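The structure appears right after this line, and notes come after that.
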Amino acid sequence: MASVTAQSNGPLHVFFFPFMSPGHLIPMIDIARLFASHGAKATILATPQNITRFQTILNRDQHTTTNNNNNIIDLLVLDFPYSEAKLPENCENLDTLPSRNLSYNFTKAIMMLQPQAQQLVQQHQPDAIISDLNFPWMAEIARNCGIPRLVFHGTCCFSLCLTSCASQYKPRATLSSDTEPFLVPGLPHPVYITMSQMPDRFFGNLGLHEFFEKFMEADRDPYGVVSNTFYEIEPEYVKH
């Protein structure tokens with residue numbers, strides 16, 4: 072992968088756009104902090120209720136740093152359209168959904184964030200964007216603005232390899248049922264799953280198949296991928 076360089080003599084400016092779920096939000100904030108600790112200018116896009124979840128640790132970083140030019144992270148606030156999406160007030164994170172039946176409404180609100188995000192990207196013109204997979208429209212924004220985009224899945228390389236290999240393999244015609252295990256080909260180790268465990272089935276059961284297709288399409292053209300892992304944990308799958 073080619074390197075990303077700053078557009079000016081200033082520090083590299085990276086936009087971070089975490090998905091509103093603890094398993095995605097926490098590691099993305101840690102990645103932004105890591106970039107900032109190395110002198111990059113980090114800017115996080117988030118909604119008010121999600122900012123309250125990590126504001127304290129950002130404040131602590133600023134107070135403990137020995138170099139005032141490092142560890143400074145800017146925040147850009149997005150208005151979460153919970154009312155327009157018919158969600159409860161201040162319901163801005165998946166773990167605040169009172170019912171799984173509101174997953175479609177939450178996804179609708181996510182899609183409605185595109186105009187705000189696009190305006191901020193055009194206004195600030197970062198050198199690079201690291202955005203969660205669950206914002207498929209960010210691919211279009213980055214492409215139109217000529218900005219490299221790295222996609223963050225929030226999961227490990229094993230999961231990414233498994234999903235990719237299983238999606239390319241079409242075993243349905245040879246299986247007697249959706250609960251019959253099949254061997255996923257092309258992996259470093261023998262792994263068996265069922266059709267009912269496939270990602271498209273999970274999203275389909277929530278009425279989100281169209282959304283699943285959109286983020287799978289957006290996942291085909293990123294500048295790079297950021298995984299939530301360590302090389303020592305799964306070297307075979309990092310290389311896969």
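Counting in my numbering, the final residue of the sequence shown is number 311, and the numbers go up one at a time with none missing.
Just so it is clear, CB atoms sit at the ideal spot from N, CA and C, and this is done for glycine as well.
Just so it is clear, the structure is predicted and the values come from calculations on it, not from any experiment.
Shown here for residue 191: same chain residues with a beta carbon closer than 6 Å to its own, the five before and five after excluded, namely 147 in chain order. Straight-line measurement puts the Cα of residue 251 at about 30 Å from the Cα of residue 299. Comparing C-alpha distances from residue 154 to each of 129, 181 and 145 shows the shortest one belongs to 181.
Residue 112 is bridged by DSSP to 84. Under the DSSP assignment, residue 309 falls in the alpha helix (DSSP H) whose first and last residues are 306–310. Sixteen is the threshold: since fewer than 16 other Cβ atoms of the shown chains lie within 10 Å of the Cβ of residue 310, the residue is exposed. Ranking 150, 149 and 135 by CA distance to the CA of residue 143 puts 135 first.
Following the DSSP letters along the chain, one finds residue 128 inside the alpha helix (DSSP H) bounded by residues 119–135. Annotation note: the segment 160–200 contains the following uninterrupted alpha helix (DSSP H) runs of length 4 or greater, listed N- to C-terminal: 174–182 and 185–195. For the pair residue 185 and residue 150, the Cα-to-Cα distance works out to about 11 Å. If you draw a straight line from the Cα of residue 232 to the Cα of residue 239, it is about 11 Å long. Within the same chain, and ignoring the five residues on either side of residue 90 in sequence, the residues whose Cβ sits closer than 6 Å to its Cβ are 203 and 205. Ranked by Cα distance from residue 187, the options 116, 235 and 307 are led by 116. Annotation for residue 249: 265, 266 and 267 place their beta carbon closer than 7 Å to its own, counting only its chain and skipping 5 residues before and after.
With a cutoff of 9 Å on beta-carbon distance, residue 145 and residue 93 are scored as not near each other. Using a Cβ distance threshold of 9 Å, residue 111 and residue 82 count as a contacting pair. Sixteen is the threshold: when 16 or more other Cβ atoms of the shown chains lie within 10 Å of the Cβ of residue 197, as they do, the residue is buried. With a threshold of 16 other beta carbon atoms within 10 Å, residue 225 meets it and is buried.
Between the beta-carbon of residue 179 and that of residue 156 there is about 5 Å, and that keeps the pair under the 8 Å contact cut.
For residue 234, the closest alpha carbon among the candidates 172, 161, 302 and 308 is that of 308. If you look at residue 223, you'll find it in the beta strand (DSSP E) that goes 220–223.
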